[in-house]
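The listed protein sequences derive, respectively, from chains P and E. The opening position of the first sequence corresponds to residue 259 in our numbering, with each subsequent residue numbered one higher. The opening position of the second sequence corresponds to residue 117 in our numbering, with each subsequent residue numbered one higher. Backbone N, C-alpha and C define an ideal beta-carbon position, used for all residues, glycine too. Following: one structure in structure tokens, then a few remarks.
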Amino acid sequence: MNKLALVTTLGLTLVFAAGCANKSVVRYGDATAVETTDINFGSTDLQKVAAQMTDSLLLSPVVGTLTQNTRPVMFVERLKNKTSEHIDTESITDSISTKLLRSGKFRFVDMGRVEAAREQLKFQHDGGMVDPNKATQFGRQIGAQYMLYGNLSSIVKSNQDKSDVYYKFTLRLMDLESGLVEWADETEIRKTKAKESVGW
Amino acid sequence: MFKYLPKRILVTAIISVLSGCATFQLTDLFQGYNSQMKPVKAAQRQGDFLKAQNLLGEREQSNNTYVLSLLERGRLQFLAANWPASQKTFAQAYVQVENQRNKAKIQISKGFENLGAVVSNDNATSYEVPYYEQGMLHSYQALNYLFQHDLSGALVEIRRANLVQENALKAYKDELYKAQNELHNSGMSTDSLQGGYPSMVSAIGKVKNGFQNAFTFYLSGILYEASGELNDAYIDYKRAIEIYPENNYLQQDVLRLATKLAMQDDLASFQQRFGKYQARDSKGQGQVVVLVERDIINSKQDVGLNLPVGRSNYGLKFFSFSLPVYEGALTQHSKISFKSTEQSYQSNEIVRIQSLAAKDLKDQLPSLLTRQVVRVVAKEQVRQKLSREAGDVGNILASIYNIASEKADTRSWSTLPDQVDIVRMDLPAGKQVLQVQVNGQQKHIEVDVQPNRITLINYSAIGSYTSYQVINL
């Protein structure tokens, strides 16, 4: 009897000791694998949203006619984050614009880099290092014809047993000249998390 | 000798597990949190926030008061105008709060903690951040984002603060009922406290619950208004005015937005309550909103009581208890006046954090008492056993331990302001100087008012120390 207790106690102590101090391991994983570490906005949500939106945009008949003979110039306005999480919305728009560029149907101007471009042109013209004849000219840039913009909103509910989060991502394409919204679509994501009943 | 070996190993194993995964400092058991915080608060009162941070000391992540130490540190960093550091600290605290919220329904580690608490006191349990403190955490975090010019980050924090208040409202009634039921089963009621325990009625004042914070709603309203979402702003102003109907700035805000959004029914009823409203011409004018933080919240105090505990197998017996309490009445703060070249404005109360804290403590009393009953009975059993086995020496030692370890849990976020006031004024655009009359001293604030925009000023008045931060939204 005593021996049994001794063995059990030693075993338990070992388990606890191992639990408190286990070695960390580094591994490579699949970047597109489904990630469910917690309920917050994660890489799977980002990939899903970006993929669905670009597919929908590229397959829509309106965009088909727009891009028949030309490659329209677009710019991405920022996404409005209306959720209760700090989400890097630039990362979502980056994914979307990269996918659209890769399709070869659109061209983009990058508003985030205007200052850097201006600096470079200034250097070419005033720096005294660049041959004036070969310097890139001011005022030759092409203006965007379309604007891509959107919202990301969420509804979060939770009680003692589970939490539920619902994301809605809306994306719209506006013709800057006419002001018409030429295309719009939305994606929804719902995630629920049941609380474990017993844990450490 | 050998017979006891497994038992001893078991005890050692439990102790090592306890200390390995969830630790508490021994000082916490015998020296209350309120007295540990005294020097920190003294430094804070002098405006020496760096010294206050140093006095705070570091706590390990495994320490059961870790999250509270993060809250105190974040608040002191906020006061020291170190927004990035404060933001980081509060973010860590939020992670802790979230972890706590997402924990399993039955926690094994909690069982160990409670075991520790039964033989010592409530300071051995992990600190659970009450709803009003969570609300303030997000409010300060929102201001941290704002002062770093990130309005959308600030709005995320505001939404989190609103979620906290919603969850609190949902959980409130259930928790109160459950706690009272448990207390009843343990053979006591809160009525038996009467006499020995201060009622805290004057500290609670007129707040109805310990989590609805009009300051958070108001901040939320301002930020929504600044981002052009007037409808959201209107809803938050309306929530705030339900709590503080007599605040004249709130009244004007509600009337102004109801007019702007053409909420005819609301406007009619608000005009009936607060008087006629005439929209003013705001051309070339900007709005200046001042959030005035007054003084520091009181710490909980330890109060000792002798109470009868009735249990079937013991009969009625008197035990000495230790309970936390907010003592004394509320401090009456004189209004602070802000004078522009044309007009003088008086600050008006938007939240009394002291009252929220007192109300929260009062709601917790039933569950505090239940734990206390279990504890005193367990300690009494230990004393009886020791006195039987080790005679008078054991009896005396056990009694000394019981008295020394009988400390109330006085942990609470102690660097928060006692009260927050607001002032809202329309000023002509351009550089303005405001004369501030605070605690008999004359100070001034320089603001650059932008036309048709909101300029937010966070003004701290702690003791004789004052400072302010200005941001154009």
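Taking C-beta atoms as the reference points, residue 258/E and residue 270/E count as a pair closer than 7 Å.
The Cβ-Cβ distance between residue 435/E and residue 421/E does not fall below 7 Å. The beta carbons of residue 340/P and residue 409/P sit closer together than 7 Å.
For residue 357/E, the enclosing alpha helix (DSSP H) covers residues 346 to 359. For the region 219 to 252 of chain E, the beta-carbon criterion of a distance under 9 Å to any beta-carbon of chain P is satisfied by 219, 220, 221, 222, 223, 224 and 225. For a Cβ distance threshold of 7 Å, residue set 268 and 272 of chain E lies close to residue 339/P, ordered along the chain. For residue 456/P, the neighbours in chain E by C-beta distance under 9 Å run, in chain order, 220, 221, 222, 223 and 224.
Sixteen is the threshold: since fewer than 16 other Cβ atoms of the shown chains lie within 10 Å of the Cβ of residue 320/P, the residue is exposed. The continuous beta strand (DSSP E) containing residue 554/E extends over residues 546 to 554. Cβ proximity to chain E below 8 Å picks out 414, 416, 417, 418 and 419 from the region 406 to 420 of chain P. Collapsing the DSSP output to three states places residue 328/E in coil. In the three-state reduction of the DSSP assignment, residue 453/E falls in the strand class, which pools E and B. When secondary structure is reduced to three states using DSSP, residue 193/E falls in the helix class. Taking 7 Å as the cut-off, the Cβ atoms of residue 374/E and residue 386/E count as close. In the DSSP assignment, residue 442/P falls within the beta strand (DSSP E) that extends over 439 to 452. For the region 328 to 360 of chain P, residues whose beta-carbon sits nearer than 9 Å to a beta-carbon of chain E comprise 336, 338, 339, 340, 341, 342, 343, 344, 345 and 347. Contact of residue 279/E with chain P is assigned, a C-beta pair being separated by under 7 Å. Look at residue 465/E here: in three-state DSSP terms it is strand.
At a cut-off of 7 Å, the C-beta of residue 276/E has a neighbouring C-beta in chain P.
Contact between residue 409/E and residue 584/E is ruled out by a C-beta separation of about 10 Å, above the 8 Å threshold. Under the Cβ criterion of 7 Å, residue 449/P is not counted among the residues facing chain E. In the DSSP assignment, residue 206/E falls within the unbroken alpha helix (DSSP H) covering 199 to 217.
For residue 376/P, the closest alpha carbon among the candidates 314/P, 397/P, 349/P and 360/P is that of 397/P.
Distances from the alpha-carbon of residue 324/P to those of 302/P, 294/P, 352/P and 365/P put 365/P closest.
The residue from 580/E, 413/E and 344/E with its alpha-carbon nearest to that of residue 570/E is 344/E.
Residue state for residue 424/E is assigned as strand, using DSSP reduced to three classes. Nearest C-alpha to residue 412/E among 579/E, 458/E and 184/E: 579/E. The C-beta distance from residue 213/E to residue 183/E rounds to 7 Å, short enough to meet the 8 Å contact threshold.
Secondary structure of residue 400/P (DSSP, three-state): coil.
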